[in-house]
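Report on the structure given below.
Protein chains: 2
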Amino acid sequence: MNITIQPLIKFTFLALLLLAMSPVVAQKKYVMVIHGGAGTILKANMTPAKELAYREALTQALKTGYEALKAGKSSMDAVEATIHVMEDSPLFNAGKGAVFTHDGKNEMDAAVMDGKTQMAGAVAGVTTIRNPISAARAVMEKSEHVMMVGKGAELFAKEAGLKMVPPSYFYTKDRWDGLQRAIKEDSAKAVLDHGSKKSMLMGVQNKDNKFGTVGAVALDQAGNLAAGTSTGGMTNKKYGRVGDAPIIGAGTYANNETAGISATGWGEFYIRNVVAYDISAMMEYKKMSLQDATAAAIEKVGKMGGDGGLIALDRAGNVAMPFNTAGMYRGTVTENGEIEVLIYK
Amino acid sequence: MNITIQPLIKFTFLALLLLAMSPVVAQKKYVMVIHGGAGTILKANMTPAKELAYREALTQALKTGYEALKAGKSSMDAVEATIHVMEDSPLFNAGKGAVFTHDGKNEMDAAVMDGKTQMAGAVAGVTTIRNPISAARAVMEKSEHVMMVGKGAELFAKEAGLKMVPPSYFYTKDRWDGLQRAIKEDSAKAVLDHGSKKSMLMGVQNKDNKFGTVGAVALDQAGNLAAGTSTGGMTNKKYGRVGDAPIIGAGTYANNETAGISATGWGEFYIRNVVAYDISAMMEYKKMSLQDATAAAIEKVGKMGGDGGLIALDRAGNVAMPFNTAGMYRGTVTENGEIEVLIYK
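These protein sequence lines map, in sequence, to chains G and U.
According to the numbering used here, the residues represented by the first sequence are 5 to 349, in order.
According to the numbering used here, the residues represented by the second sequence are 5 to 349, in order.
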């Protein structure tokens, strides 16, 4: 053995000294990360009032989740409470602010997953449940199923004691106007597409106005992760389209051994790439870090022609929020209650 | 370098000689694998006539797929044609033979995925489409979406020119009697469960009579894989329950770089484990063989308390058909047209 010990000790000492001097040494431990949708969110198109409203809503959502976690509640409780704040706000495409379908309805999807047990629940195409995220949780906890759709899911939610509302609860002028614009734009596109095999389909050229989702991932004091996603889907959608949000493995996934993930963006690409579970698989099978795995997942979506973003949190409290759109409404809170809210790149 | 070359040559020669003498040397290249559901399929409970009927139907399905592949059609064409045979047979829980929901309806789900492009399509909760697998394919090819549910999916299928049927088309006496038995058994279970948090839920104690799915994976002359799955869901299901069959990554997945997969069994466990994509991920990230990856996936389902089986085929023509139930209706065909049909362990 010719290895000289002396230089090794010197190097270690120097490295420790550098670490001690560096601000990164106090590695932040995050306990929650949220998103409120990704898309062409440009400062140029934003009014100060609108930006403030988003920042306040995201901050309120994070505070709510943090209080739950601080009080010793489970990560699932925190995720549900946080998403309630965003579902009840007209700003986000979920719950109250859900976009309209082609037929002038609000059809919502949601999913939750528990990182400790890999139990999961999801609903799709529901129109009368005030907080779809709670319906997803009820499916997980009060049934032996994982996914329920349409009227059946609504019947279940009602029997589970959830708050039901008339479809008119979800009316907002902003979203209604958005539908009228989308119908006009899609009709123009349908004419252009005439004769193509895709002509039956509502166009997605103006997809940035069409998508949007909310999501949260939390890490509780017991060290358990939970993830949830809730969405109003796609403006002017037809044919009962379902995106990635309620698909376990695509838009939502959680596993204590790897990470909790919630995605937002062009759902079809997230389904085809099984994005949320793919991140977990890369971490487990390739031993990739949360940062590298999430970046790789977004890169795959981009290469295929899709866009969007995602949030992820691992058991050590590392957080990642990659996206390949102009912006993503997002925020984090640390174990000390430090809140950070971001919108643009 | 002290390595002696002589023994190495000797060893190589001996190994080649042994290989030449062994029947395994002529490694079969499979071009299609199918399943018709997994469960408590015991020879003791089977009449010779019933067994023959299943063997004939599976053989016919494989012949149909093989003829398509031999004629140079795509793996997607072969998968669709093969699944049509099983959907049109009253023997399998898909299409014509779909089981009844609690409300006496037949709600079907299906999905397809193209291994070359990772394009995918799925429908869930459809009641008037004669061949749901074709609706899944139409979603993939004629829309920019991946998944459609309920009435919306039916409207799309109709506009796409698919064969629509009245719901009564799916009536079979066998399945209707099965529903009556399930209602009786589930009521008994509901009484036992009274007060438990799961009492709202239809029991799954007699799940072997409740599940069943058909699926096919094919490899065409161009070397492309395709997978498809079609199901009538779960007897006596309530609340618009959706299983793994139409969930890309759970019950259905295909990727030329890894494998095509179609699953059958207790769907909730397949969703929570993202089974179909997990096999692909283990092959890609851990460099596991098709045999090892599929065995590991079934083991995970079993450890969690679930059961079922799956079929898988890779680009080299290797096939795997693992299951942890008593039996699985299944079969393969090689590039030379050799058909094998199996039922029991």
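Positions of the beta carbon are idealized from the N, C-alpha and C atoms, including for glycine.
Just so it is clear, the structure is predicted and the values come from calculations on it, not from any experiment.
- Under the rule that a run must span 3 or more residues, the beta strand (DSSP E) segments found entirely inside the stretch 111 to 164 of chain G read 112 to 118, 124 to 130 and 151 to 153.
- Under the DSSP assignment, threonine 235 of chain G falls in the beta strand (DSSP E) whose first and last residues are 229 to 235.
- Identification of chain U residues near aspartate 296 of chain G by a Cβ-Cβ cut-off of 9 Å yields none; the smallest Cβ-Cβ distance measures about 13 Å.
- A Cβ-Cβ distance of about 6 Å is found for the pair glutamate 84 of chain G and isoleucine 137 of chain G, placing them in contact under the 8 Å criterion.
- Exclusion of the five residues before and after aspartate 296 of chain G leaves no residue of its chain whose Cβ lies closer than 6 Å to its Cβ.
- At the C-beta level, glutamate 158 of chain U and threonine 132 of chain U come within 7 Å of one another.
- For the 7 Å CB-CB criterion, alanine 258 of chain G and alanine 285 of chain G do not form a contact.
- Interface flag for leucine 159 of chain U against chain G is set, since a Cβ pair is found closer than 7 Å.
- The beta carbons of serine 79 of chain U and alanine 222 of chain U sit closer together than 7 Å.
- Glutamate 303 of chain G counts as exposed, since fewer than 16 other C-beta atoms from the protein chains shown sit within 10 angstroms of its C-beta.
- Exposed is the label assigned to glutamine 31 of chain G, since fewer than 16 other Cβ atoms lie within 10 Å of its Cβ.
- Straight-line measurement puts the Cα of isoleucine 343 of chain G at about 37 Å from the Cα of methionine 151 of chain U.
- Closer than 7 Å to the CB of glutamate 189 of chain G there is not a single CB belonging to chain U.
- Rounded to the nearest whole angstrom, the C-alpha separation of threonine 217 of chain G and threonine 256 of chain G is 12 Å.
- When beta bridges are read from the DSSP output, valine 246 of chain U appears opposite G:Met151.
- DSSP places aspartate 224 of chain U in the coil class of the three-state scheme, outside both helix and strand.
- In the DSSP assignment, alanine 82 of chain U falls within the alpha helix (DSSP H) that extends over 79 to 92.
- Using a CB distance cut-off of 7 Å, arginine 185 of chain G does not count as an interface residue toward chain U.
- Only residues of its own chain outside the window of five on either side were considered, and among them Asn110, Met112, Phe174 and Gly236 have a CB closer than 6 Å to the CB of alanine 102 of chain G, listed in chain order.
- Beta bridge pairing from DSSP links tyrosine 34 of chain G with G:Thr338.
- Under DSSP, the beta-bridge partners assigned to serine 266 of chain U are U:Thr256 and U:Ile315.
- For lysine 241 of chain G, the closest of G:Glu272, G:Ala267, G:Ile265 and G:Ile251 by C-alpha to C-alpha distance is G:Glu272.
- Under the 10 Å beta carbon count, glutamate 288 of chain G is surrounded by 16 or more other beta carbons and is classified as buried.
- Per DSSP, the unbroken beta strand (DSSP E) holding tyrosine 348 of chain U starts and ends at 343 to 348.
- For tyrosine 281 of chain G, the nearest beta carbon of chain U is closer than 7 Å to its own beta carbon.
- Remark: C-beta atoms of arginine 276 of chain G and alanine 124 of chain U approach each other more closely than 7 Å.
- Under the Cβ distance rule, glutamine 122 of chain G counts among the residues neighbouring chain U, one pair being separated by less than 7 Å.
- Here methionine 308 of chain G carries a coil assignment [DSSP, helix/strand/coil].
- With fewer than 16 other beta carbons inside 10 angstroms of its own, tyrosine 348 of chain G counts as exposed.
- Under the three-state reduction of DSSP output, tyrosine 58 of chain U falls in the helix class.
- In the structure shown, the three-state DSSP call for phenylalanine 96 of chain U is coil.
- In this structure, the alpha-carbon of valine 323 of chain U lies about 35 Å from that of glycine 165 of chain U.
- In the structure shown, tyrosine 175 of chain G adopts coil according to DSSP, grouped into three states.
- Neighbours of alanine 128 of chain G in chain U, taken as residues whose beta carbon is under 7 Å from its own, are Val153 in chain order.
- The beta carbon of alanine 82 of chain G lies closer than 6 Å to those of Gly69, Ala72, Leu73 and Ala222 in the same chain, with the five residues before and after it left out.
- In the structure shown, the three-state DSSP call for methionine 168 of chain U is strand.
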